[in-house]
Structure formats: C-alpha cells, structure tokens
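Numbering (the numbering used here), first residue to last: 10 to 478.
Even glycine gets a Cβ: it sits at the ideal position worked out from N, Cα and C.
Please read all numbers here as calculations on a predicted model, not as lab measurements.
Following: one structure in structure tokens, then a few remarks.
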C-alpha cells in the first residue's frame, strides 16, 4: 500500500493519476460510486479503494484499522480545536451555566426565571451614554416593570475589569439595583486583582500580597487600597452593597472521554488554561439562593455561616481529577483559581469578592459578601453596635432580607395608589405585612422570620415610609 508523502507534490500528482486510471477500469455501480469520490477522499483511503478496484482482493483488516485510527485521530484534533476555541468555549460556558441554573431552580415555588440576551458590549454602550440613569434601557428593564413582580436577583454572565471605565459601569449597575431593591451578581476579571491577561493562575499569592495591611489611628489600611483607589471608592458607596462579584469561575463539564458506536474520542487537556469551558460561579450561588427561597420564602440560609454545611454544599460540579495542579492534595479540577481553602476565601471576602471553597470531597460557600465595605465608628459601646450592624449589611444574605422586606412594602404601596386611606389604615396594612418577617430568636423560626424586631414610621406630611429592624 502506498504511504502518503505530502511534501512530494510531483510524486503525489503522479500517484493520483494512476489511481484515477485504475478506478476508471473498474466495473460495477458501487465501485464506480467509490471511484467518483477519489478526488475528495483522504489519500490513504483513496489508495486502499484503488487497490481493491484494481486487484479485486479484499483489503487487509489491519490496514483498515490503521486507517480508521488515523481518521479518529484527525477528527479528534478538529474537535479539540473547536471545543477549545475561545469563542466557542465562551458560548458553551454561558449555555451550560444557564442549564445548571435552570435545572436547579424549582419554578413551582413561586420563582420566575427570565433570560435576557444582551452582550456585554450592548450593556456597556447603554451605560456609557451621557444620559441620566433613568433613561438607560437597563433601568427601564429592571426598575420600571417591577411593580407587583419585582426582581430579586440579576446575574450578569460577564467579567468586570478593574479599570476606571469598568468600575464606573459597575457603579451605574449598582445604582439601578439599589433603586429596584435587588442584588446584581457577576464575575471579576483578572485585572480586578492586578493580574495581566485572561488567566487567574497564582491568584492566591496575589490575594495574600494585597491583604498586607497597616493600622493607623485605629483604622486598617490594606495594600490593595493603594493599587486601585477607584475600587476602594466604589466599595465605600451604598450602591456597592447591591453588587457581588465572584473571584473565579467553575468548569461547566468534565473532559469528554467517550467510546460508543465504534467511535472513541478523548478530549485533549494540556495544562490548567486549556480544557472544558468556564462558567460563571454566580449561577452556583444563585442556585443556592433559589433553593433557600423555595425552602424559606426569604432566601437567607444558603452559606455555611448562615445555615451550616448542609445548605452550603454545591451539587452537580464535574469531578474530573487532575493532579498536575496540586500533586499532594489531588484537588478537584473544577475551579479557575487556586483559592481552594478557608484562608484564601477569608482574604477574598475582605477585599470584596465572593469565593467558593473547593475541597477534596465537596465544594461549598463559606460566606457571601457584597462589594460594599463596612465602616468604622467610635470606640464606644454604641459605636461598636453600629459597626456590627453596618458590617452585617455588607453581607449578601442580610441584603436579600432587607430587599425582600422593601419589595413587600413597595407592593403594598403600589396597591394603595389611587385610593384614599387614613394614615392609621395604611400604617396597619404595612405593619401587617412587615410582621410576617418578624419572629422569635429560635432556629426553627429564623429561616422564615429573620427579623427580631421591626418598626414602621408613617408621616402623612412627608412622602414615603420608613421601616427599621
């Protein structure tokens, strides 16, 4: 059998002429059909067909197996190139992340899931317009139609950078979220941590270096504050408490290793940066929040800090083991960064990011913080109490409770529009709905009634109402 020599053009053209002449002498409809495909068939297969046509001797089985193996290898190379292409990987990561969320949201539990197709370029162009925030399309989408069916969470399957323009957009998104009383969840790009390129390799060392701090005048100042003052300024605003960013993404699937119907394909994975696509980790968090809402109707207990291990475990992650990343621990190959354990999670939290912990047997959310940064108050009992309360308001579970109560009161207010009510009547209706979230300090009751106390003030001489708990 001829061996393919692609570098010898003269010899190859001569061989093709001999093959076509041999095929032309063949008889029979099947042989003629095969011969007509010689111009586009792979050279090895064309040679095999030509020999069969010329000698009328069945081809050797080992030769056929060799050709099939070569075809498998070539097809596998094309599949690897397609699956690992950045554009295809981004599409696969988005759709598989959405599929993960849809599969784990119990839509029968008064949960509605809407998907808005809008690229980051479209959203950025809308936010970058020199118009008031009320005139942006995103504002009208999230705030205007809320009414009796307000949104609780918005998950942006984007990566937000650390440059000034990106943080300006994030601040405008946070302002829309604040007005609509919802939380915006998305991912942080490597540039948010001062890393170059599109990789998060070595993120743990970077996070630890940025966490070095000094104490002056009773205040702690971290190293990252000098690196990105714009990010620090955003964290100190009220809108920062309506935004949460994940520090790393997750693998949406394990590498393909299939063998069915005679076709075997094993996906080639070389190094940490290659392989299956990445998906937004915020869909993992959103799935836990939806699970908590279906269970409690308030969405408070979905992390280890608020609910324990049983409610914090992340299910459905791929379990492909790759020891090259950490030969000693053989950690699961499903997280984009090397922030796997509690210390790294703690420092990510201090810098305003949500980090999920990936252990040997399982993965979970220890905590969930917003981008907001707690403030320091005077060193008095009253000041420390205010400081504790302010720190709690930077945590995502507490923000969700506050937003839920605010949305309930807003719905009651909308229902009363156009009617004339006495102040006491309206106060009674609002207080009745507010009381649904107030209960005793018992573990069995906190899940559905997270507020220990709540008070509502209604002044008919002023617009709006105020509630505190």
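Beta bridge pairing from DSSP links residue 259 with 288 and 344.
Counting the other CB atoms within 10 Å of its CB gives residue 131 a total below 16, which places it among the exposed residues. According to the DSSP secondary-structure assignment, residue 196 is paired through a beta bridge with 168 and 255.
Residue state for residue 377 is assigned as coil, using DSSP reduced to three classes. Per DSSP, residue 222 is one residue of the beta strand (DSSP E) stretching across 222–225. Restricting attention to 166, 101 and 111, the CA atom closest to the CA of residue 128 is found in 166.
Following the DSSP letters along the chain, one finds residue 229 in no alpha helix (DSSP H) but inside the beta strand (DSSP E) bounded by residues 228–231. Pairing residue 134 with residue 392, the inter-Cα distance amounts to about 43 angstroms. Between residue 439 and residue 421, the gap from beta carbon to beta carbon is short of 7 angstroms. By the 16-neighbour rule on beta-carbons within 10 angstroms, residue 140 is exposed. For residue 316, the three-state secondary structure derived from DSSP is strand. Residue 322 sits in a strand when the DSSP states are folded into three classes. Within the region 112–191, the complete alpha helix (DSSP H) segments of 4 residues or longer fall at 129–136, 146–151 and 173–189, listed in chain order. The three-state reading of DSSP puts residue 246 in coil, since its state is none of H, G, I, E or B.
Where residue 398 is concerned, the enclosing alpha helix (DSSP H) starts and stops at 390–401. As far as DSSP is concerned, residue 277 takes part in no beta bridge. Shown here, residue 404 sits in a strand according to DSSP, grouped into three states. Our two residues, residue 238 and residue 296, have alpha carbons roughly 33 angstroms apart in a direct line. Straight across, the Cα-Cα distance linking residue 136 with residue 181 is about 7 angstroms. Taken through DSSP and simplified to helix, strand or coil, residue 235 comes out as helix. In the structure shown, residue 352 adopts helical secondary structure according to DSSP, grouped into three states. For residue 142, the closest alpha carbon among the candidates 195, 187 and 204 is that of 187. Here residue 189 is buried. Its C-beta has 16 or more other C-beta atoms within 10 Å. Closest in alpha carbon position to residue 368, among 322, 203, 395 and 86, is 322. Residue state for residue 266 is assigned as strand, using DSSP reduced to three classes. Note that the C-beta distance between residue 292 and residue 106 is below 7 angstroms. The Cβ-Cβ distance between residue 377 and residue 366 does not fall below 7 angstroms. Residue burial is scored here from C-beta neighbours: residue 89 has at least 16 other C-beta atoms within 10 angstroms and is therefore classed as buried. According to DSSP, residue pairing for residue 372 in a beta bridge involves 367.
In terms of Cβ geometry, residue 257 and residue 101 do not form a close pair [threshold 7 angstroms]. With respect to the 7 angstroms criterion, residue 385 and residue 221 are not classified as neighbours on the basis of their beta carbons. Annotated three-state conformation of residue 93 is coil, per DSSP.
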